[in-house]
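Report on the structure given below.
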Amino acid sequence: MTLLQPFSALVLWLSLLMVTRCVVLVPDKPEEKVYPCPVIQCSAPAVNGLPGRDGRDLRTFSNSVFLILLIIPLVLFHASFILSFSNDLHRQVTALERKVQVLEAELNRYKKVLVKKIFVSTEKEDTFDNGKSFCAKAGSASASSRKEAENTTLKNLITPSMQAYMGISAEQTKSTFMYLNEEAVTYRNRNAGEPNNLKKEDCAVMQDSGKWNDIDC
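According to mature numbering (1 follows the signal peptide of the UniProt record, and there is no 0), the residues represented by the sequence shown are -22 to -1, 1 to 195, in order.
Structural data, given as structure tokens:
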């Protein structure tokens, strides 16, 4: 062995030692733990959201919230509209019921009037023909009594010391007194000896006493 060989061996040993020490002196990096978590990617408007399941769930939730917020006002508006419509309908029905009651009362009142005769006096003097024409134009007819109560009512309309034409005449038959509608007279309250047909007296009149007489028309 030469002197150079031990020196080369020493240099090699020192080199290995330094390398070994260098490896030992470098500290180990701590083990990195990986925690899986979704990454939310920001996107501009009109760009699709999260891909996959997370994006689908988020869209479903957003749509549900939007529908709920949209439905609530519609439900409230619908409920208030129904309530308002119901109140208006109730008021209209109540008003109609009141009108029907008023109409029924009026009809009942007119029914009572229709079963009775209404006698009216103009308190004017005129001829038999003019009086008959006047009553016809008014949609009525010359007054005539068909029972005692009606005769009393007519008597009370006659001015004292006056007499009034009745709707009874013998103009058509020239012999028999009849109502103007050509019906036979069913009630009479004549004076004694009347009608006597004196001087062609074909018209019946009522005196202020309620008695009937015949005079020239």
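Glycine is no exception: its CB is placed at the ideal position from the N, C-alpha and C atoms.
Asked: Exposed or buried, which one is Asp107 when buried takes at least 16 other CB atoms within 10 Å?; Found: exposed
Asked: Secondary structure at Asn167, three-state DSSP: helix, strand or coil?; Found: coil
Asked: Give every residue of the same chain whose Cβ lies closer than 8 Å to the Cβ of Asn174, excluding the five residues on either side of it in the sequence, and list them in chain order.; Found: Asp192
Asked: Identify which residue in Met156, Lys189, Lys110 and His68 has its Cα closest to the Cα of Gly171.; Found: Lys189
Asked: Can you give the beta carbon distance from Phe155 to Leu132, rounded, assuming they're within the 8 Å contact cut?; Found: Actually they are not in contact, since the Cβ atoms of Phe155 and Leu132 sit about 16 Å apart, beyond 8 Å.
Asked: Around the C-beta of Met(-5), are 16 or more other C-beta atoms found within 10 angstroms, so that it is buried, or is it exposed?; Found: Its pLDDT being 43, under 50, Met(-5) is placed unreliably in this model, and the value from its coordinates should be taken loosely. Met(-5) comes out exposed.
Asked: So, does the CB of Gly117 fall closer than 8 Å to a CB anywhere in chain C?; Found: In the structure shown, chain C does not exist; there is a single protein chain.
Asked: So what's residue 203 in DSSP terms, helix, strand or just coil?; Found: Residue 203 cannot be examined here, being either before or after the span of the chain that is shown, -22 to 195.
Asked: Assuming Ile136 contacts Ala127 (C-beta within less than 8 Å), just tell me the rounded distance between them.; Found: The Cβ separation is near 16 Å, so there is no contact.
Asked: Go ahead and pull the three-state DSSP assignment for Gln141.; Found: strand
Asked: State the start and end residues of the unbroken beta strand (DSSP E) segment that holds Ala114.; Found: Taken as a continuous stretch (DSSP letters only), Ala114 belongs to no beta strand (DSSP E), being part of the alpha helix (DSSP H) at Phe106 to Lys115.
Asked: For Asn65, is the classification buried or exposed, using 16 other Cβ atoms within 10 angstroms of its Cβ as the cut-off for buried?; Found: exposed
Asked: Would you decide whether Pro29 is buried or exposed? Buried here means 16 or more other CB atoms lie within 10 Å of its CB.; Found: With a pLDDT of 48 at Pro29, under the threshold of 50, the modelled position of this residue cannot be trusted; read the value that follows with caution. Counting Cβ neighbours within 10 Å, Pro29 comes out exposed, since fewer than 16 surround it.
Asked: What's the C-alpha gap between Glu75 and Glu82?; Found: 10 Å
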